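Novice: In the numbering used here, the protein residues as written are 342 to 742.
Glycine residues also receive a C-beta, built at the ideal position from the N, C-alpha and C atoms.
None of the values given here were measured: they were computed from a predicted structure.
Dropping the structure in here first, questions after.
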Amino acid sequence: MAVIRGRQFFQNPGPTNIPDRILRAMNRPAIDFVQTDFRAVVDECVDGLKYALKTKGTIVVYTASGHGAWEGALVNTLSPGDRVLVCDSGYFALHWAAMAKAHGVEAEILPGDWRKGVDPAAVEARLRADTARDIRAVLLVHNETSTGVANRAADIRRAMDAAGHPALYMIDTISSLMSFDFRMDEWGVDVAVGGSQKGMMLPAGMSFNGISGKALAATQSARCARAYWDWRNLLTDGRQTGFSGTAAVHLWFGLQESVRMIREEGTDAIFARHHRLAEAVRRAIAAWSADGGPQLYASDPRVISDSASAVLMPEGHDAEAVRRACMDRFNVSIGGGLGELSGRVFRIGHLGDLNEPMILGTIASVEAALRVAKVPHGQGGTAAAIAYLAETPQPGEETAA
Ligand code: PLP
């Protein structure tokens with residue numbers, strides 16, 4: 342077997358690279374999670390998550406992958422037989438809907454064009470038609486990681502307001518948070534669902550809910566069975582004091598470092614960095630798409646995602662062959678297609694702890710993999726990305742000069 346030297350390039354749309362600072366912050370002896378020192382860690386993390394989510398609301402953190410926070414959002418606010426409107430945007434939206442159904446909730450799917458993202462006008466029309474006000478919640482995946490489509494969450498809030506509908510607004514911000522803008526309070530989000538392993542730059546295993554006053558009030562009447570996820574057991578006077586078992590102290594140490602790094606860089610600079618690196622990837626994809634080559638799956642400029650790009654293969658070519666060539670020949674890990682997009686798209690993650698050389702190395706390796714897999718494609722993708730990065734200043738560079 343060939344000896345592999347150097348670091349693997351890990352460009353999945355999550356989990357993402359964990360910065361050394363976070364790894365070092367977790368490399369500490371265990372402490373008892375009932376001691377005062379740990380209370381201070383939790384409080385700093387919760388305040389940091391409020392900063393990230395742009396909320397003054399309540400935060401609950403679980404020891405769980407993102408699925409846990411999905412479930413927490415549902416079971417704390419809904420009852421069996423309730424109707425929710427799930428905005429179909431792809432694999433993750435449909436899986437959240439399936440989870441709601443498993444709890445006896447009527448999950449109505451609002452159909453949509455996956456390449457264009459959820460249409461706010463369709464949400465408004467459906468809510469206006471709901472004259473009996475049966476729909477208890479609207480569920481939206483902000484960034485549909487399976488398609489690289491960033492849904493227009495603020496416009497959908499406006500659509501709900503225009504319809505004058507009282508439904509709760511629940512948003513999965515797992516792959517948008519700390520990659521591009523999410524504003525929980527300004528957008529009237531009632532439950533935000535976040536996860537550790539994407540823009541938060543942590544290992545998988547932690548997820549959280551941001552909770553509005555309206556959602557907190559809904560816990561009183563919600564009748565879905567709940568134990569592990571029950572906000573009432575985790576909160577005292579609106580602050581997290583419980584952990585549903587032993588607290589995962591090392592993940593909390595990691596989260597403490599993550600929120601410190603986020604505050605140091607600042608949300609605007611984080612978003613600008615993501616936008617610039619994502620744009621470099623898009624320039625490369627645009628070059629590859631010439632002459633019938635692979636193209637960006639997102640087809641509406643209003644919904645392109647700064648955290649992940651899905652690349653649609655030309656007819657008759659298998660995305661898995663490109664993904665395998667990346668991994669086996671160049672030690673670069675990228676994402677494959679999920680569900681019905683399996684084999685049809687590959688996905689490049691451009692979120693989290695990331696800089697220019699990492700993104701250029703990835704683009705060059707994908708371009709080489711297209712050649713290895715004999716996929717017809719336009720030339721000059723890497724050159725286009727280099728030109729864009731060379732000619733566009735880094736965030737803050739303009740003012741520093
Ligand atoms: N929602 C979105 C948008 C995701 O990207 C993912 C995972 O990638 C999930 C939910 C599920 O999260 P987890 O795999 O951490 O349970």
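How about residue 648 and residue 616: are their beta carbons less than 8 Å apart?
Specialist: Within the sequence shown, residue 648 is the residue found at index 307, counting from 1. Within the sequence shown, residue 616 is the residue found at index 275, counting from 1. No, the Cβ-Cβ distance between residue 648 and residue 616 is not below 8 Å.
Novice: So for residue 588, helix, strand or coil by DSSP?
Specialist: Against the sequence shown, residue 588 aligns to sequence position 247. Three-state result, residue 588: coil.
Novice: Taking only three categories from DSSP, how would you classify residue 704?
Specialist: Here the question's residue 704 lines up with position 363 in the sequence shown. It is helical.
Novice: Please classify residue 465 as buried or exposed, where buried requires at least 16 neighbouring CB atoms within 10 angstroms.
Specialist: Here the question's residue 465 lines up with position 124 in the sequence shown. Classification for residue 465: buried.
Novice: Sort out for me which residues DSSP pairs residue 552 with in a bridge.
Specialist: Here the question's residue 552 lines up with position 211 in the sequence shown. Answer by DSSP bridge pairing, in chain order: 399, 532.
Novice: Please classify residue 419: does DSSP put it in a helix, a strand, or coil?
Specialist: Taking the first residue of the sequence shown as position 1, residue 419 is located at position 78. Of the three classes helix, strand and coil, the one that applies to residue 419 here is coil, per DSSP.
Novice: Check this for me: beta carbons of residue 508 and residue 419, under 8 Å apart or not?
Specialist: Numbered from its first residue, the sequence shown carries residue 508 at position 167. Numbered from its first residue, the sequence shown carries residue 419 at position 78. No. Outside cutoff.
Novice: My output table needs one value for residue 510: the three-state DSSP class, helix, strand or coil.
Specialist: Within the sequence shown, numbered from 1, the residue matching residue 510 stands at position 169. Correct three-state label for residue 510: strand.
Novice: On the CB-based measure, 16 or more other CB atoms within 10 Å of its CB, does residue 354 come out buried or exposed?
Specialist: Sequence index remark: in the sequence shown, residue 354 carries index 13 (1-based). Taking a 10 Å sphere around the C-beta of residue 354, we find 16 or more other C-beta atoms and assign the residue as buried.
Novice: Could you give the DSSP three-state label for residue 523: helix, strand or coil?
Specialist: Here residue 523 is taken as the residue at index 182 of the sequence shown, counted from 1. In the structure shown, residue 523 sits in coil (DSSP, three-state: anything other than H, G, I, E or B).
Novice: When the cut-off is 8 Å and only beta carbons count, does residue 552 lie next to chain D?
Specialist: Of the chains in the structure shown, none is chain D; there is only one protein chain.
Novice: Going by Cα to Cα distance, which pick from 502, 488, 512 is closest to residue 494?
Specialist: Position 153 of the sequence shown, counted from the first residue, corresponds to residue 494. The option with the nearest alpha carbon to residue 494 is 512.
Novice: At a cut-off of 7 Å, would you count residue 430 as near the ligand PLP, judging by its Cβ distance to the nearest heavy atom?
Specialist: Taking the first residue of the sequence shown as position 1, residue 430 is located at position 89. Checking every heavy atom of the ligand PLP against the Cβ of residue 430, none is found closer than 7 Å.
Novice: Taking the alpha carbon of residue 698 as the point to measure from, which residue in 677, 731, 666 has its own alpha carbon closest?
Specialist: Working through the sequence shown from its first residue, we reach residue 698 at position 357. Checking every option, the nearest Cα to that of residue 698 belongs to 731.
Novice: Here's the rule: buried if 16 or more other CB atoms are within 10 angstroms of the residue's CB, otherwise exposed. What is residue 485?
Specialist: Translated into positions along the sequence shown, residue 485 becomes position 144. Answer is buried; the Cβ neighbour count reaches 16.
Novice: Roughly how far, in whole angstroms, is the beta-carbon of residue 492 from the beta-carbon of residue 401, given that I think they are within contact range, below 8 Å?
Specialist: Taking the first residue of the sequence shown as 1, we reach residue 492 at position 151. Taking the first residue of the sequence shown as 1, we reach residue 401 at position 60. At roughly 24 Å, the Cβ-Cβ gap does not stay under 8 Å, so residue 492 and residue 401 are not in contact.
Novice: Which value, in whole angstroms, describes the spacing of the CA atoms of residue 682 and residue 441?
Specialist: Taking the sequence shown and counting its residues from 1, the one referred to as residue 682 is at position 341. Taking the sequence shown and counting its residues from 1, the one referred to as residue 441 is at position 100. In this structure, the alpha-carbon of residue 682 lies about 23 Å from that of residue 441.
Novice: Mapping the DSSP letters down to three states, classify residue 484 as helix, strand or coil.
Specialist: Here residue 484 is taken as the residue at index 143 of the sequence shown, counted from 1. It is a strand residue.
Novice: Are there 16 or more other CB atoms within 10 angstroms of the CB of residue 708, so buried, or fewer, so exposed?
Specialist: The residue you call residue 708 lines up with position 367 of the sequence shown. When all chains shown are included, residue 708 counts as buried.
Novice: If we count the other Cβ atoms within 10 Å of its Cβ and call it buried at 16 or more, is residue 568 buried or exposed?
Specialist: Residue numbering aside, residue 568 sits at position 227 when the sequence shown is read from its first letter. Result: exposed.
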